Amino acid sequence: MAPDATLICSAPETGPASAPILELRHITKRFPGVLANDDVSVAVAPGEVLALLGENGAGKSTLMNVAYGLLVADSGEILVNGEVVVIKAARDAIKLRLGMVHQHFMLVEPLTVTENIVLGLEPTSRFGGVIDRATARARVIELSHRYGLKVDPDARVRDLSVGNQQRVEILKALYRDARVLILDEPTAVLTPQEVKELFQIVRELVSEGLAVVIITHKLDEVMSFADRIVVMRSGRIAGETTPGACDQASLARMMVGREVVLRVEKSPSVPGDPLLEVRDLQVSDDRKLPAVKGVTLTVRAGEVVGIAGVDGNGQRELVETIMGLRRASKGSILLRGKDITRDDTRRTIASGVSHVPEDRHRRGLVLQFDLVENIALGDQRKRPFSRYGVLDRVAINAEARRRIADYDVRTPSSHVAAANLSGGNQQKLVLAREIGRDPDVLIAAQPTRGLDVGAIEFVHRRILAERDRGKGVLLVSMELEEVMSLSDRILVMYGGLIVAEFEGGTVTDEEIGFFMMGGLGEHDPKSPDVSGGEDA
Amino acid sequence: MPEQVIDDSPEHRAQEAERRFALEQERIRRLIRVATPFISVAIAILLGSVVIALSGKDPLLAFGAMFSGAFGGTRQIGETLLRATPLIFTGLAVAYGFRSGLFNIGAEGQLFLGGIAAAFVGVMLAGYPWMISVPLVLLAAALAGAAWAFIPALMKARIGAHEVITTMMFSYIGRYVVSWIIAGPFKDKGQIPQTPELPETSQLPRLSDVFTFIEPNRAHLGIVLGIVLAVVVWWVLKYTVLGYEARAVGFNPTAAQTGGISVSMTTVKSLCISGALAGLAGAVEVMGVHHRMFDQFSSGFGFTGIAVALLAKNNPIGVIAAAILFGSLSAGAGTMQLEAGVSQKVISVIQGTIIFLVGAEAIVSWAVKRIRSMKEATDVR
Numbered sequence: 000m001a002p003d004a005t006l007i008c009s010a011p012e013t014g015p016a017s018a019p020i021l022e023l024r025h026i027t028k029r030f031p032g033v034l035a036n037d038d039v040s041v042a043v044a045p046g047e048v049l050a051l052l053g054e055n056g057a058g059k060s061t062l063m064n065v066a067y068g069l070l071v072a073d074s075g076e077i078l079v080n081g082e083v084v085v086i087k088a089a090r091d092a093i094k095l096r097l098g099m100v101h102q103h104f105m106l107v108e109p110l111t112v113t114e115n116i117v118l119g120l121e122p123t124s125r126f127g128g129v130i131d132r133a134t135a136r137a138r139v140i141e142l143s144h145r146y147g148l149k150v151d152p153d154a155r156v157r158d159l160s161v162g163n164q165q166r167v168e169i170l171k172a173l174y175r176d177a178r179v180l181i182l183d184e185p186t187a188v189l190t191p192q193e194v195k196e197l198f199q200i201v202r203e204l205v206s207e208g209l210a211v212v213i214i215t216h217k218l219d220e221v222m223s224f225a226d227r228i229v230v231m232r233s234g235r236i237a238g239e240t241t242p243g244a245c246d247q248a249s250l251a252r253m254m255v256g257r258e259v260v261l262r263v264e265k266s267p268s269v270p271g272d273p274l275l276e277v278r279d280l281q282v283s284d285d286r287k288l289p290a291v292k293g294v295t296l297t298v299r300a301g302e303v304v305g306i307a308g309v310d311g312n313g314q315r316e317l318v319e320t321i322m323g324l325r326r327a328s329k330g331s332i333l334l335r336g337k338d339i340t341r342d343d344t345r346r347t348i349a350s351g352v353s354h355v356p357e358d359r360h361r362r363g364l365v366l367q368f369d370l371v372e373n374i375a376l377g378d379q380r381k382r383p384f385s386r387y388g389v390l391d392r393v394a395i396n397a398e399a400r401r402r403i404a405d406y407d408v409r410t411p412s413s414h415v416a417a418a419n420l421s422g423g424n425q426q427k428l429v430l431a432r433e434i435g436r437d438p439d440v441l442i443a444a445q446p447t448r449g450l451d452v453g454a455i456e457f458v459h460r461r462i463l464a465e466r467d468r469g470k471g472v473l474l475v476s477m478e479l480e481e482v483m484s485l486s487d488r489i490l491v492m493y494g495g496l497i498v499a500e501f502e503g504g505t506v507t508d509e510e511i512g513f514f515m516m517g518g519l520g521e522h523d524p525k526s527p528d529v530s531g532g533e534d535a
Numbered sequence: 000m001p002e003q004v005i006d007d008s009p010e011h012r013a014q015e016a017e018r019r020f021a022l023e024q025e026r027i028r029r030l031i032r033v034a035t036p037f038i039s040v041a042i043a044i045l046l047g048s049v050v051i052a053l054s055g056k057d058p059l060l061a062f063g064a065m066f067s068g069a070f071g072g073t074r075q076i077g078e079t080l081l082r083a084t085p086l087i088f089t090g091l092a093v094a095y096g097f098r099s100g101l102f103n104i105g106a107e108g109q110l111f112l113g114g115i116a117a118a119f120v121g122v123m124l125a126g127y128p129w130m131i132s133v134p135l136v137l138l139a140a141a142l143a144g145a146a147w148a149f150i151p152a153l154m155k156a157r158i159g160a161h162e163v164i165t166t167m168m169f170s171y172i173g174r175y176v177v178s179w180i181i182a183g184p185f186k187d188k189g190q191i192p193q194t195p196e197l198p199e200t201s202q203l204p205r206l207s208d209v210f211t212f213i214e215p216n217r218a219h220l221g222i223v224l225g226i227v228l229a230v231v232v233w234w235v236l237k238y239t240v241l242g243y244e245a246r247a248v249g250f251n252p253t254a255a256q257t258g259g260i261s262v263s264m265t266t267v268k269s270l271c272i273s274g275a276l277a278g279l280a281g282a283v284e285v286m287g288v289h290h291r292m293f294d295q296f297s298s299g300f301g302f303t304g305i306a307v308a309l310l311a312k313n314n315p316i317g318v319i320a321a322a323i324l325f326g327s328l329s330a331g332a333g334t335m336q337l338e339a340g341v342s343q344k345v346i347s348v349i350q351g352t353i354i355f356l357v358g359a360e361a362i363v364s365w366a367v368k369r370i371r372s373m374k375e376a377t378d379v380r
């Protein structure tokens with residue numbers, strides 16, 4: 000079908016413009032049964048931003064973990080400044096002036112920014128033993144000015160936003176004199192504004208002569224910030240190009256190995272009667288602090304209502320309360336006009352609300368259960384899955400097989416533990432259970448988190464298919480792109496409130512981003528439809 | 000799907016690799032699960048041999064004597080089964096708890112409650128035919144055990160009090176309350192603190208009395224009951240909603256809750272079932288062996304049940320085998336001391352080692368994986 004993807008982009012320039020500072024040659028790394036890196040060679044030069052693009056499991060993180068000493072390659076060599084080096088642990092890499100910011104930050108939350116940055120390399124007073132805080136602080140301030148990394152050196156890390164925590168991680172690497180900075184999926188947790196600021200910082204860094212490697216699977220970002228793009232697929236280099244010589248569609252093809260639909264194609268919605276109504280809902284979080292402070296929203300039949308917002312603004316508590324996993328302190332939840340505020344989770348599921356939880360490992364699946372038993376979860380008390388308390392294993396097996404095929408869950412057998420599936424297939428399994436139950440309302444929280452392009456496409460199509468069948472969908476996502484492309488109506492949640500509501504397709508991501516930050520950003524929006532909840 | 004995946008594409012190969020990897024993982028896991036108990040027992044016997052050799056005795060002679068003491072004849076086998084019987088029940092009790100994510104460390108106390116309930120109801124039902132009294136006595140013991148587990152279960156479900164602490168504490172309370180009942184309100188005539196003897200209609204007969212072709216030995220019907228119960232527990236775990244929900248909560252309470260299972264209700268049910276099984280252990284000891292209740296009627300069956308469950312990897316059918324192993328160790332110990340001059344305490348060394356090694360499954364699984372990856376590495380080259 001698709002010709003060799005590498006031919007689609009115009010002839011790539013081979014290798015970096017100047018002498019590379021970090022070079023990986025013929026790296027091969029094998030995990031039991033999987034070839035994570037198969038003879039991969041990559042180089043990066045000072046003053047350039049290299050994007051390492053690929054789906055999950057393509058081997059990009061493995062490759063960079065090899066460079067940073069977190070993994071040791073089975074074969075191949077690493078060169079720094081043209082010399083072959085041995086990197087067996089992160090401390091070797093730090094000595095060679097490599098720095099890495101992981102997807103999950105490695106910060107000590109109760110300590111201050113300065114303390115985190117100098118941790119392990121504290122400047123001590125002349126007589127030793129005592130940390131010279133003044134020097135440390137001054138050095139941190141100097142670094143943060145030089146690279147435009149604005150962050151309060153005395154703030155405690157736990158009080159910082161995710162974006163600022165990331166800055167602390169970058170400062171940590173700079174404090175250790177890194178000349179090569181590796182960023183693993185740096186934008187996954189950021190708002191659009193924060194992403195922009197990050198790229199400004201990256202620009203600042205390369206202009207100072209650093210080399211930056213960014214691991215990502217987001218095509219639009221690659222196009223806007225990279226100097227050079229190396230695409231990986233199934234443990235190999237699938238191609239190399241520059242943003243100028245390529246477009247998103249051909250990059251996607253190179254990354255996935257086949258044609259992909261980038262824009263979600265969807266027909267206009269035909270909303271029907273209200274299915275799910277939330278009225279003035281107030282909920283406390285685990286620390287008994289108010290998390291949802293009076294949310295009103297309606298999901299009608301045949302529409303996708305998307306909730307955009309930065310993580311931790313009450314979305315989780317809202318969803319959990321609708322599902323009966325958490326108690327509302329005030330307000331009500333109606334399903335088809337019937338009050339379900341006090342219903343427990345079992346009853347809520349039984350009345351036709353399905354839930355794709357944001358954390359499929361913790362909430363979505365019992366990883367030790369096999370696929371069949373996971374499919375039964377939530378319906379185990381209903382016919383035909385059980386009668387009089389006895390499971391009908393034959394019926395469950397048959398239904399599970401049907402849904403596994405229907406939802407294209409790739410598995411060696413329906414009787415392996417769910418833990419053995421890849422992330423994308425685990426999510427398909429959750430969908431097979433939750434959508435396969437044929438609910439009236441589907442609540443999907445972060446349904447594509449951590450999935451690759453192919454799986455995202457699948458999940459999006461299934462969600463829209465539910466909408467087109469006249470179901471109501473409430474979508475909660477930190478991925479603004481996702482909310483914007485799927486939703487017929489977009490609500491922005493901030494500080495436990497719905498702070499804005501838009502019709503789908505009528506706003507830009509900047510406008511939504513402005514409200515995701517609580518309307519406090521620098522950007523001035525074009526008179527949006529602001530309301531405390533919904534205009535009835 | 001608008002597009003079909005091309006089959007010779009690299010990602011198809013990657014998927015194939017992933018598929019093989021998953022199957023391989025599953026196979027390794029199963030292998031480890033099955034192999035660990037056997038390896039543990041083997042290592043434990045080896046270590047026991049070293050201890051015996053260090054004390055200047057002949058390990059071969061010692062284990063030979065022990066084996067003949069446990070399996071050397073009908074009488075010996077009977078003795079082994081006799082000692083295995085309560086361990087099947089307590090092993091099942093602890094295993095059921097574990098499968099539901101609960102560590103019922105207080106089976107000993109529930110066993111005492113079951114024992115006294117059996118002794119009391121058995122005596123009360125004197126004059127009724129055994130077809131009525133035996134089931135009722137067993138039922139009373141199960142209820143007593145369940146009741147003794149119910150309070151810790153409620154405390155766990157309501158306020159999150161950890162069952163390891165509460166069942167343990169309740170175990171002490173139970174033991175001493177029963178002790179008082181034996182010495183006080185329900186004391187038999189005479190000086191010895193013990194309850195009156197059960198009428199024959201409330202006793203579990205010896206196997207050799209029921210099946211007269213078997214040579215006389217002390218094993219009683221309780222072993223049959225235990226084996227049947229193990230199969231029932233296995234069936235409950237695998238084929239009922241009750242067992243399904245218990246396992247879901249045991250593996251991942253958060254996911255179970257998200258799926259609409261009430262974690263607190265399941266906790267209460269599971270711990271009560273565990274307590275009921277432990278209560279039955281007390282009943283079979285009273286009904287089959289002593290025919291009355293006294294302070295020393297249990298040699299820590301509730302605690303050995305933990306070891307049995309661990310060795311069986313919480314598999315109800317495995318519990319039968321593990322209980323018989325522990326029963327044979329205990330039955331053969333006397334012969335070993337008599338014939339080889341090796342202290343019975345060596346048995347404790349072996350038991351301890353087994354528990355330690357089964358507990359240290361991580362070490363074994365690490366070793367297995369290590370060997371496999373080394374093999375794989377050499378295959379590649």
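Chains as they are written, first to last, in numbering that gives the first Met the number 0: chain A, 0 to 535; chain B, 0 to 380.
Glycine included, C-beta positions come from ideal geometry on N, C-alpha and C.
These numbers were taken from a predicted model, which means no experiment stands behind them.
Check: Is the Cβ of L473 (chain A) closer than 9 Å to any Cβ of chain B?; Outcome: no
Check: Can V458 (chain A) and G305 (chain A) be called in contact, C-beta distance under 9 Å?; Outcome: no
Check: Where does R257 (chain A) fall in DSSP's three states?; Outcome: coil
Check: If we require 3 or more residues per run, which beta strand (DSSP E) segments fall completely within the segment 443-495 of chain A?; Outcome: 471-476, 488-493
Check: Below 8 Å on the Cβ atoms is my guess for E203 (chain A) versus G147 (chain A); work out the distance and round it to an integer in Å.; Outcome: 5 Å
Check: Can you give, in chain order, each stretch of the alpha helix (DSSP H) that sits fully within the segment 158-224 of chain A and has at least 4 residues?; Outcome: 161-174, 191-206, 218-224
Check: Which same chain residues, not among the five before or five after D534 (chain A), have their C-beta less than 6 Å away from its C-beta?; Outcome: Model confidence at D534 (chain A) stands at a pLDDT of 37, short of 50, so the residue's coordinates are unreliable and nothing is read from them.
Check: Got a sec: is the Cβ-Cβ distance from G159 (chain B) to anything in chain A below 9 Å?; Outcome: no
Check: Should S99 (chain B) be labelled buried (16 or more other beta-carbon atoms within 10 Å of its own) or exposed?; Outcome: buried
Check: Would you mind sorting F210 (chain B) into buried or exposed? The rule is 16 or more other CB atoms within 10 Å of its CB.; Outcome: exposed
Check: Using a Cβ-Cβ cutoff of 8 Å, what residues of the segment 360-389 of chain A are near chain B? List them in chain order.; Outcome: R361, R362, G363, L364, V365, L366, Q367, F368, E372, A375, L376, G377, Q379, R380, S385, G388, V389
Check: M231 (chain A) and L430 (chain A) - do their beta-carbons sit closer together than 9 Å?; Outcome: no
Check: In angstroms with no decimal places, state the Cα-to-Cα distance between F513 (chain A) and E220 (chain A).; Outcome: 19 Å
Check: Leaving aside the five residues before and after E284 (chain B) along the sequence, list all residues of the same chain whose C-beta is less than 7 Å from its C-beta, in chain order.; Outcome: P85, G114, F296, S297
Check: If I'm right that L197 (chain B) touches V122 (chain B) with Cβ under 8 Å, what's the distance once you round it to whole angstroms?; Outcome: 6 Å
Check: In chain order, what residues of the segment 136-154 of chain A put their CB closer than 9 Å to some CB of chain B?; Outcome: none
Check: Is there at least one Cβ from chain B nearer than 9 Å to I348 (chain A)'s Cβ?; Outcome: yes
Check: Could you tell me if P383 (chain A) is buried or exposed, where buried requires 16 or more neighbouring beta carbons within 10 angstroms of its beta carbon?; Outcome: exposed
Check: For the structure I just gave you, are there three or more beta carbon pairs, one from the segment 179-195 of chain A and one from the segment 82-99 of chain A, closer than 8 Å?; Outcome: yes
Check: Is the CB of D439 (chain A) under 9 Å away from at least one CB in chain B?; Outcome: no
Check: Can you list, in chain order, the residues of its chain whose CB lies under 6 Å from that of A275 (chain B), leaving out five sequence neighbours each side?; Outcome: A141, G144, A145
Check: Would you identify the three-state DSSP class for E2 (chain B), choosing helix, strand or coil?; Outcome: With a pLDDT of 40 at E2 (chain B), under the threshold of 50, the modelled position of this residue cannot be trusted; read the value that follows with caution. Residue state, collapsed to three classes: coil.
Check: Kindly list, in the order they appear in chain E, the residues whose Cβ is closer than 9 Å to that of L241 (chain B).; Outcome: The structure shown contains no chain E; the protein chains it does contain are A and B.
Check: Please confirm whether T253 (chain B) has its beta-carbon closer than 9 Å to some beta-carbon of chain A.; Outcome: yes
Check: Mind the definition here: the segment 250-260 of chain B touches the segment 150-162 of chain B only if three or more C-beta pairs lie below 8 Å; say whether that holds.; Outcome: no
Check: At least one CB of chain B closer than 9 Å to the CB of M322 (chain A): is that the case?; Outcome: yes
Check: What does the alpha-carbon distance come out to for the pair Q102 (chain A) and P185 (chain A)?; Outcome: 6 Å
Check: Following the continuous alpha helix (DSSP H) through V112 (chain A), name the residue where it begins and the one where it ends.; Outcome: 112-117
Check: Is the beta carbon of L62 (chain A) closer than 9 Å to that of K94 (chain A)?; Outcome: no
Check: Quick one: using the 10 Å Cβ neighbour count with 16 as the cut-off for buried, is E316 (chain A) buried or exposed?; Outcome: buried
Check: Can you pull out the residues from the segment 20-38 of chain B whose beta carbon lies closer than 7 Å to at least one beta carbon of chain A?; Outcome: F20, A21, L22, E23, Q24, E25
Check: The alpha helix (DSSP H) spanning R361 (chain A) covers which residue range?; Outcome: That residue, R361 (chain A), is in no alpha helix (DSSP H); it is neither H nor E in DSSP.
Check: Which residue marks the beginning of the alpha helix (DSSP H) containing Q256 (chain B), and which one marks its end?; Outcome: 252-257
Check: Can you give me the C-alpha to C-alpha distance between G56 (chain A) and S233 (chain A), rounded to a whole angstrom?; Outcome: 7 Å
Check: Can you tell me where the beta strand (DSSP E) holding R232 (chain A) begins and where it ends?; Outcome: 227-232
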